[in-house]
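Sequence lines, in order, name chains V and Z.
The opening position of the first sequence corresponds to residue 1 in our numbering, with each subsequent residue numbered one higher.
The opening position of the second sequence corresponds to residue 1 in our numbering, with each subsequent residue numbered one higher.
We put the beta carbon where it would ideally sit given N, CA and C, even for glycine.
Values in this document were obtained by computation on a predicted structure and should not be read as measured data.
Accompanying notes for the structure given below.
Number of protein chains: 2
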Amino acid sequence: MTEQKRPPTLLDVARDAGVSSNTASVVLNGSRSNTRVSEATRQRVLSAAANLSYVPNAMARGLAQKRTQAIGVLFGVAAGSTDYVTNPYMAGILQGVLEAAGDAGHSVTIYTQRWVNAKVSAPLFRDGRTDGVLVIAPPATADILAGLATVGIPLAAVACEAAELEIPSADVDNKAGVEAVVTHLAALGHTRIAIITGETDMSSTALRTLAFQTTLTAAGIEFDADLVTSCTYSGAGAESAFLGLWNRQQRPTAIFACNDAIAAGVARAARSLGVGIPEELSLVGFDDVPTAAMVTPPLTTVRQPLQMIGSAATKMLLGRIAGDFYPATAQLLAPELIVRESTCRVGSDR
Amino acid sequence: MTEQKRPPTLLDVARDAGVSSNTASVVLNGSRSNTRVSEATRQRVLSAAANLSYVPNAMARGLAQKRTQAIGVLFGVAAGSTDYVTNPYMAGILQGVLEAAGDAGHSVTIYTQRWVNAKVSAPLFRDGRTDGVLVIAPPATADILAGLATVGIPLAAVACEAAELEIPSADVDNKAGVEAVVTHLAALGHTRIAIITGETDMSSTALRTLAFQTTLTAAGIEFDADLVTSCTYSGAGAESAFLGLWNRQQRPTAIFACNDAIAAGVARAARSLGVGIPEELSLVGFDDVPTAAMVTPPLTTVRQPLQMIGSAATKMLLGRIAGDFYPATAQLLAPELIVRESTCRVGSDR
DNA sequence: GCCTGGTGACTAAACGCTTAGTCATTCTAA
DNA sequence: TTAGAATGACTAAGCGTTTAGTCACCAGGC
């Protein structure tokens, strides 16, 4: 086994260069301390550091300057689940986070502890391990955001209401996405449009349901509360949600599933009932995960710019970390309706 | 903005409890130091800590005991790419890593710096930020593993040859997976079986190609080097790889694509040529990503237990961190052939 | 009445780095 | 000349923990 040789310290560099450790420190991080240093000395220090492949110890540096060059990520996983990144949504966001953090020279620490409640869990994020925390899609019912807000660390959020807590956030423009869906379906002549939402405690559910209703009304289509139902974003329960809708005396001619996993469940259920998509039922998803293009028929859906959302939120967090003046804006990124083959004119056979 | 209130320190706890800071330390982490403490004192310290919601500073603790309770992850992303977790393979592995690390009370830090070369990049991992590093699917050509091995930090790896460097690793049993594929195809009467591999500098490519050849031979099927070609695991180039094979005077009757993305590319190319799958061409993938079940026809493929692989490698890393005696074994996890509808008896019309 | 040993807690050093404060030397300007 | 300003570098005090070493006290055995 490779023995754990002790890494060279600043003192080693200083000794090799024949200077004091603080001089070495000043040289190596171009600090604006009042310590001045001649060119010759500077070169000696630099070459000593290079010879030793000196890398400053992150712990010591973090302790001294209370900055770690790392940001934390907290996934808002559903209670009882440990599903962090297997769903494409989380993976896409994380990708954006990694890119933005990497560009800024920060590493990304994923917190693995489960959230219990604000009293117990929030203080754990005060451990100085990261310079700030990015909270991704926390359930609205959990006190995660509020709890973290009380511990006084820089925060930013993805896909949740954070404005009233003075926390900057990024998300897809849910309203615009839903509008695009409803407008698309209305243009195809649909008037009986159902919606199947995800978990009711996610902020996106409220936003999308509301936008659904208002856009419908604006399009002159009567909103029917009977055509609103829900399951989970994982897609579990989508089939029975579909059955519930399909057993109405007045069936919908189109279904807006609030994500692609739900849409896939609906498609499966429809197929097993012999319901033709899109001839008998138009179906729209949300997210545009890779599978959306692959299923039969290819799914009309709303593409979220996941990486951009992740990057945007990360930049906000970095802004908060860098200076206290960073505003608590909620940045909404434009979605894009991807029309494929799961939607068609109502009553048409294509 | 929430002001950054200074978190309570051990000294605050000690003061509140009317003891010295070291007594507080000893109480709070049940250390086996020679400092003894009476039950009454212990209780005073504990309640003081609870009142303040005291959380030890990770940097200070890390500095003092040279342990951070965090493991690092380095993704072996292809040169020029910054694609960390958008592909399902990486996401699945990472999920397993997070679970295992979480169970052990470690957080997971993803290194975002790009690997340049061993001389430049390896020392960066000596910064004490993590207790060890897990390297995931590094290109065999890069000197990542070898470079890290020289800096003397605990290591483990996923999906690469690490034994000769004395590094423990986990991977799917590539040989078993390929055997299952070839056996399946042979049982269906195929004798002209092509293989399309991923990047040639990935260790999995070599392993799968070799296993392919030996299994073929063992099954009494002549190995034809003309039926071996490659593209990239991202699926880019899969279509032209297919075309290359299809333009041989002796076409294959089955293609083994070394992952599902490649298989998807082949399916696309086949469809555009009007080649029927599976009637004219049986197609097998590898990985069993979610889309594999969704495409038309649903793909026969080899399922990798990604999360288990990630967890297994993480446990090995934790073993290395915990004690120097942890062996450098290469753990191979069993794959599972998932037979769907993209394969059928050769020459049959189903 | 003295030594031994157990109990309970404290002091201080160390971890590796940053940075405010100090100081000696040389150079410039009056 | 000499006060004053640069210049170049050093000393030392943290940052918040851990942990080795020290010490006072008290009970009991001789």
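Cβ-Cβ distance between residue i and residue j below 9 Å
i	j	result
V/G128	V/K66	yes
V/T253	V/I195	no
Z/V77	Z/R44	no
V/P298	V/R251	no
Z/T291	V/M294	yes
Z/A387	Z/G244	In this structure chain Z extends from 1 to 350, so residue 387 of chain Z is not present and cannot be described.
V/T109	V/I144	no
Z/A64	Z/A24	no
V/V55	Z/P154	no
V/A104	V/L337	no
V/W246	V/L227	no
V/G276	V/A100	no
V/G62	Z/G62	yes
V/G102	Z/T82	yes
Z/L46	Z/L74	no
Per-residue contacts from residue i into chain V (C-beta, under 7 Å)
i	result
Z/R303	Correct list: empty, because the minimum Cβ distance to chain V is about 14 Å.
Spatial neighbours of residue i in its chain, beta-carbon cut-off 6 Å, leaving aside the 5 residues before and after
i	result
Z/G237	C231
Z/P168	A156, M316, A328 and T329
Z/L185	I193 and A254
V/T9	none
V/A140	D201 and S203
Z/Y326	G319 and R320
Z/A219	A186
Own chain residues within Cβ distance below 7 Å of residue i, not counting five before or after
i	result
Z/A211	N174, K175, V178 and E179
Z/S20	A14
V/N259	G198, Y233, G285, F286 and D287
V/E239	G265, R268 and A269
Z/A60	none
V/N22	T35
Z/A312	A170, Q331 and L333
Z/Q213	F223
V/R303	D288, P335, E336 and I338
V/L98	V108
Residue i classed as buried or exposed, judged by whether at least 16 other C-beta atoms fall within 10 angstroms
i	result
Z/A334	exposed
V/T205	buried
V/Q249	exposed
V/E39	exposed
V/A225	exposed
V/M1	The pLDDT assigned to V/M1 is 44, lower than 50, so where the model puts this residue is not dependable; a value taken from the coordinates is nonetheless given after this. Exposed: under 16 other Cβ atoms inside 10 Å.
Z/F125	buried
V/E166	exposed
Z/N117	exposed
Z/N57	buried
Z/E222	exposed
Z/Q322	In the sequence under discussion, the amino acid at residue 322 of chain Z is Ala, which differs from the Gln named in the question. Z/A322 should be labelled exposed.
V/F242	buried
Z/R6	exposed
V/R350	Any answer about V/R350 is weak, because its pLDDT of 49 lies below 50 and its placement is not dependable; what the coordinates show is given next. The residue is exposed, with fewer than 16 neighbouring Cβ atoms inside 10 Å.
V/T217	exposed
V/G96	buried
V/T11	The sequence as given places Leu at residue 11 of chain V; Thr does not occur at that position. By the neighbour-count rule (16 or more Cβ atoms within 10 Å), V/L11 is not buried but exposed.
V/S348	exposed
Proximal chain Z residues relative to residue i, where beta-carbon distance stays under 8 Å
i	result
V/N22	Per Cβ cutoff of 8 Å: no residues; V/N22 is ~18 Å from chain Z at best.
V/Y89	By Cβ distance, chain Z contributes nothing, its closest Cβ being about 11 Å from V/Y89, past 8 Å.
V/I110	L98, S107, V108, T109 and I110
Chain V residues whose Cβ lies nearer than 8 Å to that of residue i
i	result
Z/T124	What sits at residue 124 of chain Z in the sequence shown is Leu, not Thr. In chain order: V55.
Within chain Z, the residues that residue i reaches when beta carbons sit closer than 7 Å
i	result
V/P290	T291
V/D287	Near V/D287 there are no residues of chain Z at all, since even the closest Cβ is about 13 Å away, more than 7 Å.
Spatial neighbours of residue i in its chain, beta-carbon cut-off 8 Å, leaving aside the 5 residues before and after
i	result
Z/N51	D16
V/S282	L185, L188, H190, T253, A254, I255, T300, S342, T343, C344 and V346
V/K119	G147
Closer than 8 Å: residue i CB and nearest the ligand SAH heavy atom
i	result
V/L210	Among the components modelled here there is no ligand, and therefore nothing to report on the ligand SAH.
Chain Z contact residues for residue i, given Cβ-Cβ distances below 9 Å
i	result
V/G92	V85 and T86
Residue i: contacting residues in chain V (beta-carbon distance under 9 Å)
i	result
Z/V295	T291, M294, V295 and T296
Z/D127	P7, V55, P56, N57, A58, M59 and R61
### Message
For the pair the stretch 157 to 166 of chain V and the stretch 132 to 141 of chain V, tell me if three or more CB-CB distances fall below 8 Å.
### Response
yes
### Query
Does the count of Cβ pairs from the stretch 91 to 107 of chain Z and the stretch 86 to 93 of chain V closer than 8 Å reach three?
yes
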